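Visitor: Quick note on the working numbering: the sequence shown kicks off at 59 and runs consecutively.
We treat Cβ as the ideally placed atom computed from N, Cα and C, and that holds for glycine.
This one's a predicted model, so the numbers in the text were calculated from it and none came from an experiment.
Mind looking over this structure? Questions follow.
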Amino acid sequence: MIEELEAKGITLERMLDTALELYIGDDAEKVRGQLREIMLLYLNDINVQALLKAALLLEENFKVEGDPVNLVADELIGIDIAEYIGGKMALFNFFYYDTKKPGILKDLPPFLDDAVGGFIAGCMTRLFEPFLPSEEEEQEYEENGDIIADSKGKHTD
Numbered sequence: 059m060i061e062e063l064e065a066k067g068i069t070l071e072r073m074l075d076t077a078l079e080l081y082i083g084d085d086a087e088k089v090r091g092q093l094r095e096i097m098l099l100y101l102n103d104i105n106v107q108a109l110l111k112a113a114l115l116l117e118e119n120f121k122v123e124g125d126p127v128n129l130v131a132d133e134l135i136g137i138d139i140a141e142y143i144g145g146k147m148a149l150f151n152f153f154y155y156d157t158k159k160p161g162i163l164k165d166l167p168p169f170l171d172d173a174v175g176g177f178i179a180g181c182m183t184r185l186f187e188p189f190l191p192s193e194e195e196e197q198e199y200e201e202n203g204d205i206i207a208d209s210k211g212k213h214t215d
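Spelled out as structure tokens, the structure:
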């Protein structure tokens with residue numbers, strides 16, 4: 059998949075640069091390294107590949123002038139990628155990236171800007187999501203009938 063994106067000028071480095079344009083925080087280089095790992099992981103995910111491929115094929119085979127307001131299929135692809143990777147919280151990041159159009163996003167055609175924007179938003183959301191309990195902790199919660207846990211995975215009353 060990375061080769062197909064690179065053929066359109068969408069490199070991993072450009073996606074990382076774009077992601078970090080809207081990053082507000084410390085230690086951007088550390089964040090960049092962690093984000094790189096997440097992006098590489100999801101670029102190998104068959105579902106992400108299918109949605110990115112759909113965007114690539116639509117750009118090649120479905121001609122539209124500009125980004126018409128009645129075209130929503132491009133946003134739907136971006137939303138699906140973002141939510142698949144980062145859950146519902148990624149939806150807010152997707153709209154932030156889609157509105158601001160940082161870096162590479164401002165130069166891409168409609169389907170690819172939303173697909174890549176969704177990919178970036180999903181990966182950024184995944185990077186900063188709260189701690190999730192381990193499988194063992196989840197099993198313990200289920201066995202004990204616990205349904206509420208704090209951000210460290212510990213039961214709260």
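Given that a residue counts as buried once 16 or more other Cβ atoms are within 10 Å of its Cβ, and exposed if not, what is PHE177?
Guide: When all chains shown are included, PHE177 counts as buried.
Visitor: Express the C-alpha separation of LEU166 and PHE186 in angstroms, rounding to a whole number.
Guide: Roughly 26 Å between the two C-alpha positions.
Visitor: How many whole angstroms separate the CB atoms of ILE143 and CYS181, which I take to be in contact at a CB cut-off of 8 Å?
Guide: Rounded, the Cβ-Cβ distance is 6 Å, consistent with contact.
Visitor: By Cβ distance, which residues of its chain are closer than 6 Å to ILE60, with the 5 residues on each side in sequence left out?
Guide: Counting only Cβ-Cβ distances below 6 Å, and skipping sequence neighbours, we find LEU101.
Visitor: Any heavy atom of the ligand MG closer than 7 Å to the CB of CYS181?
Guide: For the ligand MG, the structure offers nothing, since it holds no ligand at all.
Visitor: Quick check for students: name the residue ranges of the alpha helix (DSSP H) that lie wholly in the segment 142 to 188, counting only runs of 4 or more.
Guide: 147 to 158 and 168 to 185, all fully within the segment 142 to 188.
Visitor: Where ARG72 and TYR155 are concerned, what is the direct C-alpha to C-alpha distance, given to the nearest angstrom?
Guide: If I take the Cα positions, the gap works out to 14 Å.
Visitor: Quick check on DSSP: helix, strand or coil for LEU129?
Guide: Coil at LEU129, not helix or strand.
Visitor: Count the C-beta pairs between the segment 107 to 116 and the segment 157 to 171 that are closer than 8 Å, then say yes if the count reaches three, no if not.
Guide: Contact holds: three or more Cβ-Cβ distances are below 8 Å.
Visitor: Quick check on DSSP: helix, strand or coil for ASP208?
Guide: Note that ASP208 scores a pLDDT of 47, beneath 50, so its modelled location is shaky; the value from the coordinates is reported in the next line. In the structure shown, ASP208 sits in coil (DSSP, three-state: anything other than H, G, I, E or B).
Visitor: If I follow the unbroken alpha helix (DSSP H) through LYS111, where does it start and stop?
Guide: It spans 104 to 119 - the alpha helix (DSSP H) in which LYS111 sits, taken as one unbroken run.
Visitor: Return the residue from the list THR157, ASN105 and LEU78 that minimises the CA-CA distance to THR183.
Guide: Residue LEU78 is the option with its Cα nearest to THR183.
Visitor: Smallest Cα separation from MET131: which of MET147, LEU110, ASN151 and ILE82?
Guide: In the sequence under discussion, the amino acid at residue 131 is Ala, which differs from the Met named in the question. Of the candidates MET147, LEU110, ASN151 and ILE82, the one whose C-alpha sits nearest the C-alpha of ALA131 is LEU110.
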